[in-house]
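Below is one structure, written out as structure tokens; comments come after it.
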Amino acid sequence: MKRFVAIIPARGGSKGIQNKNIQPLLGKPLLSFSIESALESSYIDEVFVSTDSPEIANVARKYDKIRIINRPEELALDTTPTEPVLIHALESIKKEHESLPDYVVLLQPTSPYRKKGTIDRCIEKVLETGADSLLTVCENHSFFWKNEGGRVVALYDYRNRPRRQDIKPEDKVYRENGSVYITGTKLLLEEKNRLGGRIAMYVMSEEESVEIDMPYELSLLDMIMKQEGYKNENN
Numbered sequence: 240m241k242r243f244v245a246i247i248p249a250r251g252g253s254k255g256i257q258n259k260n261i262q263p264l265l266g267k268p269l270l271s272f273s274i275e276s277a278l279e280s281s282y283i284d285e286v287f288v289s290t291d292s293p294e295i296a297n298v299a300r301k302y303d304k305i306r307i308i309n310r311p312e313e314l315a316l317d318t319t320p321t322e323p324v325l326i327h328a329l330e331s332i333k334k335e336h337e338s339l340p341d342y343v344v345l346l347q348p349t350s351p352y353r354k355k356g357t358i359d360r361c362i363e364k365v366l367e368t369g370a371d372s373l374l375t376v377c378e379n380h381s382f383f384w385k386n387e388g389g390r391v392v393a394l395y396d397y398r399n400r401p402r403r404q405d406i407k408p409e410d411k412v413y414r415e416n417g418s419v420y421i422t423g424t425k426l427l428l429e430e431k432n433r434l435g436g437r438i439a440m441y442v443m444s445e446e447e448s449v450e451i452d453m454p455y456e457l458s459l460l461d462m463i464m465k466q467e468g469y470k471n472e473n474n
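Going by my numbering, the sequence shown opens with residue 240, and the numbers climb by one from there.
See below:
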């Protein structure tokens with residue numbers, strides 16, 4: 240059996256929303272949604288929260304099976320990429336267990352809405368396909384433009400604007416939604432990247448793909464989750 244661990248990075252500082260990772264959503268801290276999703280998984284062996292914040296650590300400790308990884312200050316800056324945080328977490332896990340998991344499941348607190356079974360379906364896709372890494376995505380129906388030295392350029396053929404229902408499956412494009420990443424430990428340590436090798440993707444709905452960076456997104460997701468019956472399903 241392959242061993243999977245979930246790592247939830249949740250630092251204390253944030254610019255767009257103060258204490259973002261523990262802001263309330265449907266009456267509980269944002270972080271709680273990722274913790275509960277991980278604990279529901281049939282495949283995840285252990286769940287770790289990496290944080291520099293005592294307040295965030297206290298939220299995580301309310302769950303019996305959660306392990307806290309104390310993140311050093313130099314890995315809790317606005318400019319710190321996620322990969323060094325994951326590698327630091329793996330080093331801490333190895334000190335405790337004297338071995339490493341086969342895969343890391345990265346769950347970001349700012350992508351809290353994962354329907355029941357989503358994580359397990361992602362893991363099953365990795366196991367079934369033999370993928371080295373996986374990311375979750377949603378369909379992207381936007382029409383993009385860019386400014387090239389003052390000249391406005393379309394990134395699609397605006398003379399033949401496609402209707403959503405007419406786009407063929409092979410022509411669809413997808414947006415990385417930040418909800419679930421799965422990475423082979425060996426790949427992560429060697430490439431220092433959460434993605435690489437043979438990459439698989441799991442498509443999620445647009446409703447599940449709201450990422451929390453600004454206050455209005457909290458309000459939007461609160462409305463979406465209530466409309467979808469999330470509160471009734473989980474209380």
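All C-beta atoms, glycine included, are put in the ideal place defined by N, C-alpha and C.
For residue i, three-class secondary structure by DSSP
i	result
V412	coil
K364	helix
M440	strand
T357	helix
G348	It is worth fixing the name first, because residue 348 is Pro in this sequence and not Gly. Three-state DSSP puts P348 in coil, outside helix and strand.
P454	helix
E387	strand
I256	coil
L264	strand
N473	Bear in mind that the predicted position of N473 carries a pLDDT of just 45, short of 50, making it unreliable; the figure below should be weighed with that in mind. N473: helix per DSSP, three-state reduction.
S338	coil
I326	helix
I421	strand
R403	helix
G468	coil
8 Å contact criterion, which residue i and residue j should meet: CB distance rounded
i	j	result
P348	N260	5 Å
N399	E322	The Cβ separation is near 40 Å, so there is no contact.
S350	S418	4 Å
T375	M443	5 Å
D341	T424	6 Å
V324	F243	Not a contact, Cβ separation roughly 18 Å.
D359	S273	That belief does not hold up - the Cβ atoms of D359 and S273 are roughly 15 Å apart, past 8 Å.
I421	L373	4 Å
R414	C377	6 Å
L329	L339	6 Å
G251	E313	That pair is no contact at about 14 Å.
A315	I307	Not a contact, Cβ separation roughly 14 Å.
E445	E467	About 12 Å; that fails the 8 Å criterion.
H336	R310	Contact flag wrong, Cβ pair sits at about 19 Å.
A370	I451	Wrong, their Cβ atoms sit about 27 Å apart, outside the cutoff.
L457	L278	The Cβ separation is near 23 Å, so there is no contact.
M453	I332	Between I332 and M453 the Cβ distance is about 33 Å, and since that is not below 8 Å, they are no contact.
D317	K407	Actually they do not touch by this definition, with Cβ atoms about 41 Å apart.
Residue span of the beta strand (DSSP E) that contains residue i, given as start and end
i	result
P248	243-248
S372	372-378
Span of the alpha helix (DSSP H) around residue i
i	result
E429	424-430
Pick out the complete alpha helix (DSSP H) segments inside the segment 275-324, 4 residues or longer, and give them in chain order. As far as the segment 275-324 is concerned, its whole alpha helix (DSSP H) runs of at least 4 residues are 293-300.
Is the segment 365-383 touching the segment 266-276, taking contact as three or more C-beta pairs under 8 Å? Touching, no.
The segment 352-369 / the segment 387-395 touching (three or more Cβ pairs under 8 Å): No, the segment 352-369 is not in contact with the segment 387-395.
Please confirm if the segment 240-247 is in contact with the segment 286-302, defined as three or more CB-CB distances below 8 Å between the two stretches. Yes: at least three Cβ pairs fall under 8 Å.
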